[in-house]
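See structure below.
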Amino acid sequence: MRITTAINKAIYILVGEAVVLSLNGLLLYNILPPVVDLAAVLVLNFVYVFIGVRTFRGPGEDVAAPRPWWRATNRPLAGFIIGGVAGVLSLISLLGALAAPPEQSGTAAVVCVAWALLAAFYLHSSVRLRALDQPG
Numbered sequence: 001m002r003i004t005t006a007i008n009k010a011i012y013i014l015v016g017e018a019v020v021l022s023l024n025g026l027l028l029y030n031i032l033p034p035v036v037d038l039a040a041v042l043v044l045n046f047v048y049v050f051i052g053v054r055t056f057r058g059p060g061e062d063v064a065a066p067r068p069w070w071r072a073t074n075r076p077l078a079g080f081i082i083g084g085v086a087g088v089l090s091l092i093s094l095l096g097a098l099a100a101p102p103e104q105s106g107t108a109a110v111v112c113v114a115w116a117l118l119a120a121f122y123l124h125s126s127v128r129l130r131a132l133d134q135p136g
């Protein structure tokens, strides 16, 4: 299954995020210790992003062939935007970790690393895609 239209991609993003937030708010947060809840939500978000990256296809992409492991988007600009937003969110989380009392800074630090990993993945993808677009 491939998701190729903008409306279906938007639906996937909205429904996926609603599922993750609902699972956390209604179930995980109430039954798991905070550290385990955080880990579960991070895993759910990474799975959600992974499925999106593997199933989304842009114009001109082969819908039958799998994407290379490093390719996150169809065009470099999309990855630069998503990676940039993830990078900003990582910095915000870092500031939260630095501003929090030591016993409460762990959550923000873990979230900072998670956003940084997503930023690196999308930015790396866009740099490689841009290099493919260059003649020579």
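Residues in the sequence shown are numbered consecutively from 1, following the working numbering.
No residue lacks a Cβ here, since even glycine has one placed at the ideal position from N, Cα and C.
Between residue i and residue j, is the Cβ-Cβ spacing less than 7 Å?
i: T107; j: L38; result: yes
i: G83; j: A114; result: no
i: V41; j: N24; result: yes
i: A97; j: A109; result: yes
i: G79; j: S126; result: yes
Which partner residues of residue i appear in the DSSP bridge assignment?
i: F46; result: In the DSSP output, where bridge partners are listed per residue, F46 has none listed.
i: I11; result: Its beta-bridge partners do not exist; DSSP assigns none.
i: I3; result: F56
Buried or exposed: where does residue i fall if 16 or more other Cβ atoms within 10 Å of its Cβ makes it buried?
i: T73; result: buried
i: F50; result: exposed
i: I3; result: buried
i: L77; result: exposed
i: G58; result: exposed
i: L129; result: buried
i: L132; result: exposed
i: A86; result: buried
i: P35; result: It should be noted that the sequence gives Val, not Pro, for residue 35. V35 comes out exposed.
i: L14; result: exposed
i: L27; result: exposed
i: L123; result: buried
In the DSSP assignment, the alpha helix (DSSP H) including residue i goes from what residue to what residue?
i: G60; result: Taken as a continuous stretch (DSSP letters only), G60 belongs to no alpha helix (DSSP H), as it is neither H nor E.
i: G87; result: 76-99
i: A109; result: 105-133
From the DSSP output, in three-state form, read off residue i for me.
i: L32; result: coil
i: A39; result: helix
i: P102; result: helix
i: A18; result: helix
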